[in-house]
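**Student:** Numbering (the numbering used here), first residue to last: 92 to 225. We put the beta carbon where it would ideally sit given N, CA and C, even for glycine. No experiment lies behind these values; they were computed from the predicted model shown.
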């Protein structure tokens with residue numbers, strides 16, 4: 092009888108399309124081939140075969156990294172996006188700020204007392220106005 096291993100975590104299984112590669116890997120490898128192979132044949136005459144092959148490898152390397160690199164379930168472009176956000180876009184120093192409801196109530200009570208004092212000074216409180224009319 093055949094023995095088949097079943098992985099414990101089924102979320103890590105990715106559907107394979109062709110040659111045991113995912114769609115993402117097929118697209119990245121295909122684009123690497125579309126860029127690297129013509130570069131090799133165009134530069135082989137002027138640079139020599141070895142230099143052209145090294146140049147082709149260097150040009151194709153980012154495509155391979157985008158196809159294969161994955162850490163903690165995040166692909167390379169997600170990790171690079173987080174790195175760019177952290178290093179260049181967001182502020183370096185994060186200021187600690189709280190939204191304390193109690194201090195907001197204290198400020199509101201203080202402001203109401205000030206308004207009440209100003210109103211009593213000018214003589215326009217509701218109680219005094221009611222006494223004047225009577």
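Relative to the C-alpha of residue 152, which candidate in 194, 191, 171, 119 has its C-alpha closest?
**Tutor:** Among 194, 191, 171, 119, the Cα nearest to that of residue 152 is on 119.
**Student:** Taking the alpha-carbon positions, what's the residue 146 to residue 136 distance?
**Tutor:** Approximately 13 Å between the Cα atoms of the pair.
**Student:** With residue 122 and residue 155 assumed to form a contact (beta carbons below 8 Å), what rounded beta-carbon distance in angstroms separates them?
**Tutor:** Not really, about 10 Å apart at Cβ, beyond 8 Å.
**Student:** What residue ranges within the region 120 to 201 form continuous alpha helix (DSSP H) runs of no fewer than 4 residues, ordered along the chain?
**Tutor:** Those alpha helix (DSSP H) runs which fall completely within the region 120 to 201 and span 4+ residues are 140 to 159, 167 to 175.
**Student:** Tell me which residues share the same chain as residue 180 and place their Cβ nearer than 8 Å to its Cβ, disregarding the 5 neighbours each side in the sequence.
**Tutor:** Contacts found: none.
**Student:** Tell me whether the beta-carbon of residue 127 lies closer than 9 Å to the beta-carbon of residue 148.
**Tutor:** Result yes, Cβ atoms of residue 127 and residue 148 sit closer than 9 Å.
**Student:** If you draw a straight line from the alpha carbon of residue 143 to that of residue 150, how long is it in whole angstroms?
**Tutor:** Each residue's alpha carbon lies about 10 Å from the other.
**Student:** Determine the direct distance from the alpha carbon of residue 98 to that of residue 130, and round the result to whole angstroms.
**Tutor:** In a straight line, the C-alpha of residue 130 is about 42 Å away from that of residue 98.
**Student:** Do residue 162 and residue 170 have their C-beta atoms within less than 9 Å of each other?
**Tutor:** Contact: yes.
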